[in-house]
Amino acid sequence: MHLGNFSLSLAVKDIAASRTFYEALGFGVMHDQSEHGWMILQSPGCTIGLFQGMFEDNILTFNPGWDEKGEPVGDFTDIREIQKRLKAAGIAMIQEADETTTGPASCVFTDPDGNQIMLDQHV
0 MHLGNFSLSL
10 AVKDIAASRT
20 FYEALGFGVM
30 HDQSEHGWMI
40 LQSPGCTIGL
50 FQGMFEDNIL
60 TFNPGWDEKG
70 EPVGDFTDIR
80 EIQKRLKAAG
90 IAMIQEADET
100 TTGPASCVFT
110 DPDGNQIMLD
120 QHV
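Laid out in structure tokens, this is it:
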């Protein structure tokens with residue numbers, strides 16, 4: 000099972016201040032949607048998302064069907080198949096992808112320590 004590109008989604012209080020901070024660490028803006036409360040930054044080998052006012056806690060995020068540049072990949076495991084496998088393994092979903100649809104969808108669950116993990120498929 001391939002979960003796709005990994006990033007850390009950070010719940011931030013001030014997106015502009017966070018951008019300045021992470022740019023000082025060497026991150027560059029990949030997608031700037033700050034007018035909508037979010038942006039994606041990258042440094043070699045690392046992707047983070049800054050999200051202001053969208054959720055309370057930081058989230059581990061995987062994007063099935065995307066590579067590290069946010070480009071679609073040819074062959075990938077659909078989120079609905081991943082979700083079925085996770086549920087079969089006893090992992091409870093907080094939010095489920097509709098298994099009767101195709102295309103973009105998301106699901107959310109937690110690890111044993113309560114860290115939220117989101118699978119967010121855009122293709």
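The numbers in numbering that gives the first Met the number 0 rise by one with no breaks, and the one at position 59 of the sequence shown is 58.
Note that CB positions come from ideal geometry on N, CA and C, so glycine has one too.
Proximal residues to residue i (C-beta, below 7 Å), its chain only, five neighbours per side dropped
{"i": "Phe-108", "result": "Leu-85, Ile-90, Ala-91, Met-92, Ile-93, Ile-116"}
Check whether residue i and residue j have beta carbons under 9 Å apart
{"i": "Gly-69", "j": "His-30", "result": "yes"}
{"i": "Ile-6", "j": "Thr-76", "result": "Looking at the sequence shown, residue 6 is not Ile but Ser. Not closer than 9 Å, so no."}
Residue environment, residue i, which counts as buried when at least 16 other CB atoms sit within 10 Å
{"i": "Asn-62", "result": "buried"}
{"i": "Ser-42", "result": "exposed"}
{"i": "Ala-15", "result": "exposed"}
{"i": "Leu-49", "result": "buried"}
{"i": "Met-0", "result": "exposed"}
{"i": "Gly-3", "result": "buried"}
{"i": "Ala-87", "result": "exposed"}
Same chain only: Cβ atoms within 6 Å of residue i, ignoring 5 sequence neighbours per side
{"i": "Gly-52", "result": "Gly-36"}
{"i": "Ile-58", "result": "Ser-8, Gln-115, Met-117"}
Beta-carbon contacts of residue i that lie in its chain and below 8 Å, excluding the five residues immediately before and after
{"i": "Leu-40", "result": "Arg-18, Tyr-21, Glu-22, Phe-26, Gly-27, Val-28, Met-29, Thr-46, Ile-47, Gly-48, Leu-49"}
{"i": "Glu-55", "result": "Ala-10"}
{"i": "Lys-83", "result": "Glu-98"}
Test: residue i CB closer than 9 Å to a CB of chain D
{"i": "Ala-15", "result": "As a matter of chain content, chain D is missing from the structure shown, which is built from one protein chain."}
Contact belief for residue i with residue j at Cβ below 8 Å, rounded distance in angstroms
{"i": "Gly-64", "j": "Gln-120", "result": "5 Å"}
{"i": "Ala-104", "j": "Ile-81", "result": "Not a contact, Cβ separation roughly 10 Å."}
Those residues which DSSP pairs with residue i across a bridge
{"i": "Asp-119", "result": "Ser-105"}
{"i": "Ala-10", "result": "Phe-50"}
{"i": "Val-28", "result": "Leu-40"}
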